[in-house]
Amino acid sequence: MQTNADGAQKPKSMRLLTTTGVDLAASRCFKEESLARPQHTWGWYRLRRYNTKVTMAASESKRLNRGKILRMFSTFFSCIRGQNKLKRESRAVKKNLRRDNNVLRAENNALRGENKRLWAENKALRRENKSSRMENQEIRRKNETLTQENQDLWAVNTVFFKTPKTPWEKLNVLSTETKSYWQQNKALKAQTKALWEQEVAFRNEAKALQEEIRSLQENVKGLQHQERALRLEELALRKEGAALELEEQALWKVERALRQENQALREESDALQEEAKALVEETQVLELWNRVLRGKESNHARWGDAH
Numbered sequence: 010m011q012t013n014a015d016g017a018q019k020p021k022s023m024r025l026l027t028t029t030g031v032d033l034a035a036s037r038c039f040k041e042e043s044l045a046r047p048q049h050t051w052g053w054y055r056l057r058r059y060n061t062k063v064t065m066a067a068s069e070s071k072r073l074n075r076g077k078i079l080r081m082f083s084t085f086f087s088c089i090r091g092q093n094k095l096k097r098e099s100r101a102v103k104k105n106l107r108r109d110n111n112v113l114r115a116e117n118n119a120l121r122g123e124n125k126r127l128w129a130e131n132k133a134l135r136r137e138n139k140s141s142r143m144e145n146q147e148i149r150r151k152n153e154t155l156t157q158e159n160q161d162l163w164a165v166n167t168v169f170f171k172t173p174k175t176p177w178e179k180l181n182v183l184s185t186e187t188k189s190y191w192q193q194n195k196a197l198k199a200q201t202k203a204l205w206e207q208e209v210a211f212r213n214e215a216k217a218l219q220e221e222i223r224s225l226q227e228n229v230k231g232l233q234h235q236e237r238a239l240r241l242e243e244l245a246l247r248k249e250g251a252a253l254e255l256e257e258q259a260l261w262k263v264e265r266a267l268r269q270e271n272q273a274l275r276e277e278s279d280a281l282q283e284e285a286k287a288l289v290e291e292t293q294v295l296e297l298w299n300r301v302l303r304g305k306e307s308n309h310a311r312w313g314d315a316h
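Just add 9 to the spot in the sequence shown (first one is 1) and you have the working numbering.
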């Protein structure tokens with residue numbers, strides 16, 4: 010790890026530029042030394058191999074950086090696609106649950122209204138049943154009074170029959186009394202039977218209403234349980250939405266970090282490209298010097314042959 014004079018760490022691009030400057034300075038010193046003394050052919054082959062290796066290393070690092078950038082972009086776009094898909098699915102589920110919840114609430118309100126109406130009908134029927142029972146009691150009291158009157162009439166008849174009358178008069182009185190008694194008794198029996206049938210019908214209707222109210226109460230309880238389950242599911246969806254928002258924030262942070270890393274890699278790629286350009290220029294200069302030195306060697310050889 011390289012540091013500057015103050016002890017702070019240098020960035021990666023600066024380290025690359027520093028390394029490139031050192032390599033350039035070393036190559037220049039090497040060129041000056043090569044110009045100062047005669048060179049041999051094997052040294053220039055080594056120099057060419059060095060330049061070729063440097064160029065290959067620069068192209069390899071550039072290719073690796075490009076592949077790394079492509080992989081990071083593909084990962085980033087796949088994360089964004091997955092996030093958008095989760096958002097769409099959660100929104101669709103929330104919309105369906107809200108629609109079902111509204112429908113169930115409307116049904117619950119309708120059942121509650123019907124339950125209130127049935128309670129009112131039951132209350133009215135109970136009042137009517139109570140009034141009919143009071144009427145029955147009144148009719149029974151009337152029957153008791155009529156029986157008492159009949160008994161009194163029988164007592165009067167017995168007293169009347171004890172008085173000396175003709176047989177025809179006695180028969181007429183008995184027939185009229187018997188006829189009136191049977192008619193009155195028949196009317197009372199019919200009225201009592203009608204009242205009893207009405208009371209039985211009221212009891213059956215009250216029993217049916219109680220059964221219907223019980224079934225409605227069970228339906229209301231089931232709807233309340235279903236509404237409670239929907240509320241819990243809605244709460245779970247809200248929590249899931251909050252978790253998705255947190256995940257979205259985390260993905261945005263990852264995206265920001267990837268962008269920063271991408272920018273750093275671009276800067277590093279630019280630095281590597283500059284370094285590659287410098288190496289190419291240096292290679293061209295070295296090849297030029299190589300040709301110059303070869304010309305000098307050939308001149309020296311000619312001079313030696315001449316002497």
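The C-beta atom is built at its ideal place from N, Cα and C for all residues, glycine as well. The structure displayed is predicted, hence computed values, not measured ones.
Item, Value
"T185 to S140, Cα distance in whole Å?", "36 Å"
"According to the neighbour-count rule (16 or more other Cβ atoms, all chains shown, within 10 Å of its Cβ), is E290 buried or exposed?", "exposed"
"Between the stretch 194-213 and the stretch 133-149, are three or more C-beta pairs nearer than 8 Å?", "yes"
"Do L113 and L225 have their C-beta atoms closer together than 8 Å?", "no"
"Is it right to say L295 is buried, meaning 16 or more other beta carbons lie within 10 angstroms of its own, or is it exposed?", "buried"
"Go ahead and label L297 buried or exposed: buried means 16 or more other beta carbons lie within 10 angstroms of its beta carbon, across all protein chains shown.", "exposed"
"Which one of R107, N138, N110, N93 has the shortest CA to CA distance from K216?", "N138"
"Report back the beta-carbon spacing between Q92 and L232 to the nearest angstrom; my notes put them in contact at under 8 Å.", "Wrong, their Cβ atoms sit about 37 Å apart, outside the cutoff."
"Determine whether the beta carbon atoms of L218 and L162 lie at a separation below 8 Å.", "no"
"Only counting runs of 3 or more residues, tell me where the beta strand (DSSP E) segments fall wholly within the stretch 237-299, in order along the chain.", "none"
"Is the beta carbon of L267 sitting closer than 8 Å to the one on K103?", "no"
"Could you tell me which of L274, R212, R136 sits nearest to L79, measuring between CA atoms?", "L274"
"Roughly how many angstroms lie between the CA atoms of E318 and N105, to the nearest whole one?", "No statement about residue 318 is possible, as the shown extent of the chain runs from 10 to 316 and does not include it."
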